[in-house]
Structures are given as structure tokens and as C-alpha cells.
DNA sequence: GGGGTTGATGAGGAACCTCTCATCTTCGTC
DNA sequence: GACGAAGATGAGAGGTTCCTCATCAACCCC
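Protein chains in written order, with my numbering: chain A, 557 to 779; chain B, 557 to 779.
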């Protein structure tokens, strides 16, 4: 769909982002340091850049500064350390379009990537659906209400996000790892069985048949 | 803006809804029983109907049935008792466009009223802003993230909703009663000081100057 | 059908959220 | 300045949420 450059030295995060974006149908390139990233950006081969601030050699500010001063208008989403106010403000003043504080959940990054791509493409703000429906389950993303068979159910924040991810990918098998990345974030203990537990909670609330287990693979939401 | 008919026998709820909708700039009429409501609807003088199911004399189902069988296509939002699954399903099958389970928060009803009016008007789904910004405060309604000076802050669900209401009405004085209706719902103890407490929490997080006290009146969010 | 692997689930601790209550502070008025 | 009213706030109860761990059940392969 879009060609996205990830400038990030931590392999774990780079791969977390790249993997997720590829699963969304985007083409990804990873640059592990500033100069490489800068070259690739200036080659003007990408639709969007995800840029880490804490890079070895040449930090993200410098990269940002250079590409803007050389006239590139490619959308840039900056990754900063959590609550590094200074970083964030500088980044936005320095020409970044948006930023994410680490650690972040992939679902959030994805939302911003979509927003920036949409804005860049000048597409008329796809009347994105604020309500997901599948079978008897209805999820209102704006009011955060959920209904099964037209009868309201209560979901906690975690349950809601998990169900949202499921309903955005109906019929697809989602691995525990994918779900953990999307709902819990990349820095969560991958050995935890918290996904299993929350799938259990959801099944109790939306009906056991809504989510089937694919042994050895993960879970699938049935439309 | 729109002419809205409220068919509801409980005065407390009728006035809660009417008051809120008038504050939004709509014209409201209240009918306290089914036959009156039916007459008014058939007079075709309203853009939208909020219809209670539990009415004396002629219940909401009957009203709905009659108006649909007589060809009216006015959008109808039905009010049902909480978790009365049967009611809800019957209502939707009977031609209602949406429903709210009692007790409800006004903010939610408003969201649905807007949606239905928009659909009825065939307006091209105003690219409604999913991000509220005022001064240094930024509130992303979709991802439920909040930022102050570009630095993420954590808000609980209640805090978020309260801040949302404030930011939707910047510069306006909002009474405790209004806030209670919007954020807590109409069946909440009006003598509670919970609004004061939560304003206190918000001030700690977004800065004390963001919300000023208007003595004897309520609170105002400053843009 | 036995054994190992994978998934489901109940129990429970820690943290958090929500609200009430009582007390303290601020404000306006006289 | 003294007083009463209005608002702010700390303490804390009660409930919920989130997660871990241990155990139990289902499944697969041979």
C-alpha cells in the first residue's frame, strides 16, 4: 500500500514495527542509523518515515532537520522516550508530523500512520466506520459501547481493545504474539498467558463461539 | 437546528433530555403519552423522535408500529429499560433506528441523535474531528490518549469523559448539574460533590489554570 | 490409549478507579 | 475583620481491573 521507512537502531522495536506494518500490507525498509536513514529519505522513495530520536551517530533531530532543510515534505512520525517532554516538543517544532512515546502499542502507531498517509494523500477522509459489526456483536469505537444481540455488555478497557483488534480482522487467525503487540505493547513479557486469559473473558461476554482457537496458531474471530 | 420530539412520561427524564437537546440548539417538544406522541409524529413536524417504550396508555411499540405502517420514515431512537433484550430487539425489528438502555448518560444520547440526524440529512458524514485541541491540551477521542504540552498523561475513564465535555464546550460555563448529566447520567445523586472532586483530579493532570471556577455557577474550560 | 503439548480457567494479589465524607480554604458580604 | 456560603482536598472504603500462577482439560501424535 505505502512504502514506509523505519529509522530505528533497536532491532526489537524495528522488527516489531516492520512486522506489523507489513501485515497491514505496507512495504517497509529499516535503517539502523541516522546517516543511512537520511540517505534513504532523501532518495525520496518513501511515503512515510517512522523515526527514532535516540539514534547512534546522528540523532533523530539532526535527521529531521536535514531532511526538512533540504525540502522533503515526507510525513514523519517520531518515536521518543516516554515523557521526554523536551524531545517531543523539539521534534514537533523541528518538523515532525506526529510522535509516539515509547513504549507504545502497535495499534496506536498504526492509527497515526493511517492518519498521516490519509492526510498526505489528500484523500477525502474516508468516512471511517466508528462502529464495527459482525454477527450479533456490535462495537462502537467512539462511545466505547459493546452490544451482543442488541443487548449492552460491559467491557473493561483491555477487553475492549482486544475485541476491537479481533473485529478489525474477522476470520483471520491472530497469533498470541500479534495480539500482545497490538493490545499490550512490544515490551510485554511474551511468555505471559494473559492473552489466553482475556480471550476467556471475552468469550464469556460475547459468546464462546465468537472466538475460535486455532491450535498452535492463535485465535480467530468469526464474523 | 433540528426539531426533536420526546415521547416520555417520566417528567424527570423528559426534562433531562429536552434540556440537554435545547442546550445543543435543537427545538424540542415533549409528549407525555403514546396517543399524543403519535399525533405529533404523524403531523410530520419533527426531524427526529426520542421514544420511550414504557408509556402509559399506548406503549412505544405500538406507536412505532403505527407510524411506520402509516409511512413515516422519521428517525426514531427508542429508550428501553436496561438490558431488556426483548424490548430492544423488538424495537429495532419494529422500525426503530437506534436505542438507548436506561439509565443513560446524556453525552451518549447526543452522539446518537447527531448520527441519526446526519444520516437523515444525507450529509456527507462531516469529517468529524477525532482530536480535540485547546491550548496545550490534546485529546484523541479514538485512541483515548491525552497530551499536555506534547507529553502524554494518563486519564481514567471518568476523567477522560469529563475533559471531553469540557473541551467540546471551551470557554463556556458548565454547571455541576450539566456535567453530572453528561458524564454521570441523570439518575445520579445531584447532591454529590463528585464533580468537584473530578475537576480537582483533572486540574492536577492538565494544569490548574485549564479549568476555572465560576463561583455559584460551575466550571469553565479555557482554550 | 499414553504421554506430552497446548489451551482453559479458578484463585488471588496488587494496583487502580470511583465515590463519599469530613475538614480545610477561599471568597464575598456586611 | 467576622461570618456564612461555596469550593478544594485528603483519607479511605469498596469495587473493579489486570495480571500471574497453578491446576485441570483437550488435543495430537504415535
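The beta carbon of each residue, even a glycine, is placed where N, CA and C say it ideally should be.
(request) Pull up the distance between the alpha-carbon of residue 695 of chain B and that of residue 723 of chain B, whole angstroms please. (result) Between residue 695 of chain B and residue 723 of chain B, the alpha-carbon positions lie close to 8 angstroms from each other.
(message) Can you pull the chain A neighbours of residue 698 of chain B, defined as C-beta to C-beta under 7 angstroms?
(response) Simply 667, 697.
(request) Classify residue 693 of chain A as buried or exposed, calling it buried when 16 or more other Cβ atoms lie within 10 Å of its own Cβ. (result) Residue burial is scored here from C-beta neighbours: residue 693 of chain A has at least 16 other C-beta atoms within 10 angstroms and is therefore classed as buried.
(request) Hey, could you find the ends of the alpha helix (DSSP H) residue 617 of chain A is sitting in? (result) Looking at the DSSP string, the run of the alpha helix (DSSP H) that includes residue 617 of chain A is 616-625.
(message) residue 632 of chain A and residue 652 of chain A - do their beta-carbons sit closer together than 7 angstroms?
(response) In contact: residue 652 of chain A and residue 632 of chain A (Cβ atoms closer than 7 angstroms).
(request) Enumerate in chain order the residues of its own chain whose CB-to-CB distance from residue 687 of chain B is below 6 angstroms, with the five nearest sequence positions on each side excluded. (result) Excluding residues within five positions, the ones whose Cβ falls inside 6 angstroms are 696.
(message) Any contact between the region 561-577 of chain B and the region 735-752 of chain B? By contact I mean 3 or more CB pairs, one from each, below 8 angstroms.
(response) These segments touch.
(message) Need the endpoints of the beta strand (DSSP E) that residue 596 of chain A sits in, please.
(response) Premise fails: residue 596 of chain A lies in the alpha helix (DSSP H), 590-598, not in any beta strand (DSSP E).
(request) Anything in chain B within Cβ reach of residue 664 of chain A, meaning under 8 angstroms, just list it in chain order. (result) Around residue 664 of chain A, the beta-carbon contacts reaching into chain B at under 8 angstroms are 699, 701.
(request) Kindly list the residues whose CB is nearer than 8 angstroms to the CB of residue 735 of chain B, restricted to its own chain and excluding five residues on each side of it in sequence; keep chain order. (result) Answer for residue 735 of chain B: 718, 721, 751, 774, 775, listed in chain order.
(message) Does the region 700-712 of chain B come into contact with the region 759-771 of chain B, if we say contact requires no fewer than three beta-carbon pairs (one atom in each stretch) closer than 8 angstroms?
(response) Enough Cβ pairs lie closer than 8 angstroms, so yes.
(request) Say whether chain B places a C-beta atom closer than 7 angstroms to the C-beta of residue 708 of chain A. (result) Chain B, which has a Cβ nearer than 7 angstroms to the Cβ of residue 708 of chain A, makes this yes.
(message) Determine whether the beta carbon atoms of residue 606 of chain B and residue 562 of chain B lie at a separation below 7 angstroms.
(response) It is a contact, given that the beta carbons lie within the stated cut-off.
(request) Determine the contact status of residue 662 of chain A and residue 738 of chain A, defining contact as a CB-CB distance below 7 angstroms. (result) Yes; because the gap between Cβ atoms is below 7 angstroms, this pair is in contact.
(request) Reducing DSSP to helix, strand and coil, say where residue 678 of chain B ends up. (result) Unreliable positioning characterises residue 678 of chain B in this predicted model, as indicated by a pLDDT of 49, which lies under 50. The coordinate reading is nonetheless provided below. Residue 678 of chain B carries a coil assignment under DSSP once its states are collapsed to helix, strand and coil.
(request) Return the chain-ordered ranges of every beta strand (DSSP E) run that is complete within the region 703-746 of chain A and spans a minimum of 3 residues. (result) Whole beta strand (DSSP E) segments, 3+ residues: 707-709.
(message) Against residue 657 of chain B, what residues of chain A qualify as contacts under a CB-to-CB distance less than 9 angstroms, listed in chain order?
(response) When 9 angstroms is used as the limit between beta carbons, residue 657 of chain B is near these residues of chain A: 707, 708, in chain order.
(request) Look up residue 576 of chain B in the DSSP assignment and say whether it is helix, strand or coil. (result) In the three-state reduction of the DSSP assignment, residue 576 of chain B falls in the helix class, which pools H, G and I.
(request) Mind checking who residue 655 of chain A pairs with in its DSSP beta bridge? (result) Residue 655 of chain A is bridged by DSSP to A:634.
(message) Using only the alpha-carbon positions, how far apart do residue 705 of chain A and residue 589 of chain A sit?
(response) Approximately 52 angstroms, taken between the alpha carbons.
(request) Could you tell me the distance, in whole angstroms, from the CA atom of residue 664 of chain B to the CA atom of residue 699 of chain A? (result) Looking at the two C-alpha atoms, the distance is approximately 7 angstroms.
(request) Alpha carbon to alpha carbon, how far is residue 557 of chain A from residue 576 of chain A? Give it in angstroms, no decimals. (result) Just so you know, the alpha carbons of residue 576 of chain A and residue 557 of chain A end up roughly 13 angstroms apart.
(request) Would you check if there are 3 or more beta carbon pairs closer than 8 angstroms linking the region 669-677 of chain B to the region 620-628 of chain A? (result) The region 669-677 of chain B makes no contact with the region 620-628 of chain A: fewer than 3 CB pairs, one atom from each, lie closer than 8 angstroms.
(request) Tell whether a beta-carbon distance below 7 angstroms holds between residue 573 of chain B and residue 593 of chain B. (result) Cβ distance not < 7 angstroms, so residue 573 of chain B and residue 593 of chain B don't count as in contact.
(message) Using a Cβ-Cβ cutoff of less than 6 angstroms, which residues in the same chain neighbour residue 559 of chain B once the five nearest sequence positions on both sides are dropped?
(response) Cβ neighbours of residue 559 of chain B beyond the five flanking positions: 583, 602, 603.
(request) Kindly identify the DSSP beta-bridge partner or partners of residue 628 of chain B. (result) The partner list for residue 628 of chain B (beta bridge, DSSP) is empty, contrary to what the question assumes.
(request) Would you list the one or two residues that DSSP bridges to residue 689 of chain B? (result) Answer is B:694, bridged to residue 689 of chain B.
(message) To the nearest angstrom, how far is the alpha carbon of residue 756 of chain A from that of residue 779 of chain A?
(response) Computed Cα separation, rounded: 18 angstroms.
(request) Whole angstroms is fine: what's the gap from residue 598 of chain A's alpha carbon to residue 616 of chain A's? (result) So the alpha carbons of these two residues sit roughly 14 angstroms apart.
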